[in-house]
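Below is one structure, written out as structure tokens; the observations come after it.
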Amino acid sequence: MKTTQAVKQNAHPSFIIYDASAGSGKTYSLVRSYLQATLHTNRPENYQSILAITFTNKAAHEMKTRVLTQLKEFSSKKILLEPTEMFQEIVKQCGVDKEVVHQRAAKVLHHILQNYGHFSITTIDSLTHQIVRTFARDLGLSSTFEVILETELLLEQAVDLLIEQTGENKQQTKILTDFVIQKASDNKSWT
Numbered sequence: 132m133k134t135t136q137a138v139k140q141n142a143h144p145s146f147i148i149y150d151a152s153a154g155s156g157k158t159y160s161l162v163r164s165y166l167q168a169t170l171h172t173n174r175p176e177n178y179q180s181i182l183a184i185t186f187t188n189k190a191a192h193e194m195k196t197r198v199l200t201q202l203k204e205f206s207s208k209k210i211l212l213e214p215t216e217m218f219q220e221i222v223k224q225c226g227v228d229k230e231v232v233h234q235r236a237a238k239v240l241h242h243i244l245q246n247y248g249h250f251s252i253t254t255i256d257s258l259t260h261q262i263v264r265t266f267a268r269d270l271g272l273s274s275t276f277e278v279i280l281e282t283e284l285l286l287e288q289a290v291d292l293l294i295e296q297t298g299e300n301k302q303q304t305k306i307l308t309d310f311v312i313q314k315a316s317d318n319k320s321w322t
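Residue numbering for the sequence shown follows our numbering, beginning at 132 and increasing consecutively.
Written as structure tokens, this is what we have:
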């Protein structure tokens, strides 16, 4: 697995990219990095300054689930008696006692559950949509714009717009007229 980091001086990596094939342990590494960044400080709201981006909704959901599962596990007293490999890695990376990581995990888990909307593990598409929605007015878009993911509907709307504009744009009208004449003379299907 290839990892690229942009690091702030005297801080944890501020930007990490994981580039790896399926089944190579990306999710484990992402969750470990997320927990490390969240638990290295005594601020339970620190997760709000972390943005994890992945490609699919399934991957984002899986990562969120794993983060919450690990936080729940780290919050249980059992972890102090039988620490997992990930817990030991986080304790080592944070440079604090395992009891401290245990307590921080409980606080972070509680904070996330109380403020779930600020738990930012999302897809590239969702992030882009949030940015565009934030700047919709500046971009000249309606504040109620909708993203259309159905190509059939998008194609239908494009054709409707083309037909609606026929007669207003001479070049467009000529191209459309020539197309209709060609199709009619060839006796071919219109689809």
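Quick reminder that beta carbons are idealized off the backbone N, C-alpha and C, glycines included.
Apart from the five residues just before and just after Gly-298, which ones in its own chain have a Cβ nearer than 7 angstroms to its Cβ? Excluding positions up to five away in sequence, the list reads Thr-304.
Could you check where the alpha helix (DSSP H) with Ile-306 kicks off and where it finishes? Unbroken alpha helix (DSSP H) run through Ile-306: 301 to 317.
8 angstroms CB neighbourhood of Asp-228 in its chain, flanking five on each side removed: Closer than 8 angstroms at Cβ, skipping near neighbours: Val-222.
Starting from the Cα of Ser-274, find the closest Cα among Val-263, Leu-202 and Thr-282 and give me that residue. Answer by Cα proximity: Val-263.
Cross-strand partners of Ala-183 (DSSP beta bridge): Ile-252, per the DSSP bridge assignment.
Count the C-beta pairs between the stretch 177 to 184 and the stretch 241 to 257 that are closer than 8 angstroms, then say yes if the count reaches three, no if not. Segments in contact, yes.
Beta-carbon within less than 7 angstroms of Ile-210's beta-carbon, same chain only, minus the 5 sequence neighbours each way: which residues are those? Counting only Cβ-Cβ distances below 7 angstroms, and skipping sequence neighbours, we find Glu-204, Phe-218 and His-233.
What number of angstroms, rounded off, separates the C-alpha of Gln-245 from the C-alpha of Asp-291? Near 47 angstroms, if we compare the C-alpha coordinates of Asp-291 and Gln-245.
Take the Cβ of Ala-236 as the centre, count every other Cβ of all protein chains shown within 10 Å, and call the residue buried at 16 or more, exposed below. Ala-236 should be labelled buried.
Buried versus exposed call for His-192 [16 or more other C-beta atoms within 10 Å across all chains shown]: His-192 should be labelled exposed.
Considering Arg-197, what are the terminal residues of the alpha helix (DSSP H) in which it resides? Residues 188 to 206.
Starting from Val-222, trace the alpha helix (DSSP H) in both directions and tell me its first and last residue. Its alpha helix (DSSP H) spans residues 216 to 225.
So, is Leu-285 buried or exposed, given that buried needs 16 or more other C-beta atoms within 10 angstroms? Leu-285 is exposed by the Cβ-count criterion.
Considering just the uninterrupted stretch of the alpha helix (DSSP H) at Arg-163, what are its terminal residues? Element bounds for Arg-163: 157 to 170.
Sorted by chain position, which residues of the same chain lie with C-beta nearer than 6 angstroms to Gln-140's C-beta, five sequence neighbours on each side aside? Legend: pLDDT at Gln-140 = 39, less than 50; position of this residue unreliable, no value from coordinates given.
For Leu-161 and Ala-137, the rounded distance between their alpha carbons: Caution applies to Ala-137, whose pLDDT of 41 falls short of 50 and renders its modelled position unreliable; the value that the coordinates give is listed next. Using only the alpha carbons, I get a separation of about 16 angstroms.
Over what stretch of residues does the alpha helix (DSSP H) that includes Thr-282 continue unbroken? That run of the alpha helix (DSSP H) goes 282 to 296.
How long is the line joining the alpha carbons of Gln-288 and Ile-243, rounded to whole angstroms? Between Gln-288 and Ile-243, the alpha-carbon positions lie close to 41 angstroms from each other.
Helix, strand or coil for Ala-236? Go by DSSP, reduced to three states. Correct three-state label for Ala-236: helix.
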